[in-house]
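S.K.: The following block contains the structure, expressed as structure tokens.
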Amino acid sequence: MRPWQRIAATEILEQRRQPAMLFILAANYTIWIVLFGVAFWAIDRAIADPDGRAAIEAQLASGGVELDAMVRLSVSTFASLTFTNLPLYVAILAGYSVLHDRSNGTLPFLMLAPLTRRELLFGKLCGAMAIPLALHAVFVGVSCWLLGRIELLAAYPVFGGSSAWWVAFAIGAPASAALVGALGTVISALSTDVRTSMQYTSFFIGILSLVIGYALVDGIVEGTGLELGFALACALLATVALEVGARIVSRDVTG
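Sequential numbering from 1084 applies to the sequence shown in the numbering used here.
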């Protein structure tokens, strides 16, 4: 096993020792999928009958809302919530990784071990990504497949089928998670306490989630090229962030 793999395995082990946290991560997916899934199914059943559709459209029109516009907004909201969970979870886990070792006094020993600073941070990033990536694959993949079978949603590309969706799901989302996770390790290396680390991590995630949500969800309509370009940009920026983090974390030995 390579040094960075040992670091990643240790991070995963630490997460597995916190079953309540893992339950919350899974429950967050489940709640949104169930709520939106039931709503989409109910609307689909209601508008299957022409009279029912006319009644719903008339009721919405009285409030100045169109049925198609409401469905589009609901689809966009659902997809944004589910697709951006992966980078959010990775950012949270990575944002505490280096700080945890520093507070426990183990960071200097890790950096004296036979591995480079880049390997150390890359291992922590991989460890932070492992479980959230598995949750993403299961919950987002299965929910998009199931909901895409509802006639109401069949025309929306965010529910799978196209090459652009597969790139966004399998490459773009992990790449964006790697970027925010790399930023999380940098923030963790710079921070001296958990509160500061979480505040800065939340700030950056709040800004980046808007860009990530647009690229991964609305960008599917634009095609595979945009999704691949977005994933490549995220991967390059993540590499830069890890390099910066490696230089920062070296201060714990040289400083």
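Glycine included, every Cβ here is placed at the ideal spot set by N, Cα and C. If you're wondering where the values come from, they're calculated on a predicted model, not measured in any experiment.
1. If I'm right that Ala1329 touches Phe1313 with Cβ under 8 Å, what's the distance once you round it to whole angstroms?
2. Within this structure, are the beta carbons of Pro1170 and Val1263 separated by less than 8 Å?
3. Going by the beta-carbon positions, is the gap between Leu1216 and Phe1123 smaller than 8 Å?
4. Report the rounded CA-to-CA distance for Ala1268 versus Ala1321, giving the unit in angstroms.
5. My understanding is that Ala1247 touches Thr1307, with C-beta atoms under 8 Å, so please give their C-beta distance in whole angstroms.
6. Thr1093 to Arg1200, Cα distance in whole Å?
7. Alpha carbons only, please: which of Gly1224, Phe1222, Gly1178 is nearest the one belonging to Leu1339?
8. Using CA coordinates, which residue listed in Phe1166, Pro1240, Val1327 is at the minimum distance from Leu1291?
9. Please list, in chain order, all residues of the same chain as Ala1109 whose beta carbon is under 8 Å from its beta carbon, the five residues on each side excluded.
10. Do you know offhand how far Pro1133's Cα is from Leu1156's?
11. Using a 10 Å radius around the Cβ and a threshold of 16 neighbouring Cβ atoms, would you call Leu1319 buried or exposed?
12. In chain order, what residues of the same chain lie with their CB nearer than 7 Å to the CB of Ile1214, ignoring the 5 residues before and after it?
13. Output yes or no for whether 8 Å exceeds the beta carbon distance between Ala1091 and Cys1209.
14. Which of the three DSSP states, helix, strand or coil, is assigned to Glu1202?
15. Under 7 Å Cβ to Cβ from Asp1127, same chain only, skipping five residues before and after it: list those, please.
16. Ordered along the chain, which non-local residues of its own chain (more than five positions away) have a Cβ less than 6 Å from that of Gln1088?
17. For Leu1266 and Ser1285, I'd like the C-alpha separation in whole angstroms.
M.R.: Let me spell this out:
1. Not a contact, Cβ separation roughly 25 Å.
2. yes
3. no
4. Rather than Ala, the amino acid found at residue 1268 in this sequence is Thr. One C-alpha to the other measures close to 10 Å.
5. 5 Å
6. Each residue's Cα considered, the two are about 16 Å apart.
7. The structure shown has nothing for residue 1339, since the chain only spans 1084 to 1338.
8. Phe1166
9. Counting only Cβ-Cβ distances below 8 Å, and skipping sequence neighbours, we find Leu1218, Phe1222.
10. 22 Å
11. exposed
12. Beyond the five residues adjoining it in sequence on each side, Ile1214 comes within less than 7 Å, by CB distance, of Ile1095, Gln1098, Leu1105 in the same chain, given in chain order.
13. With respect to the 8 Å criterion, Ala1091 and Cys1209 are classified as neighbours on the basis of their beta carbons.
14. helix
15. Here Asp1127 has Ile1233, Glu1234, Leu1235 as same chain residues with Cβ atoms under 7 Å from its own Cβ, once five neighbours each way along the sequence are excluded.
16. none
17. Cα to Cα, Leu1266 sits roughly 11 Å from Ser1285.
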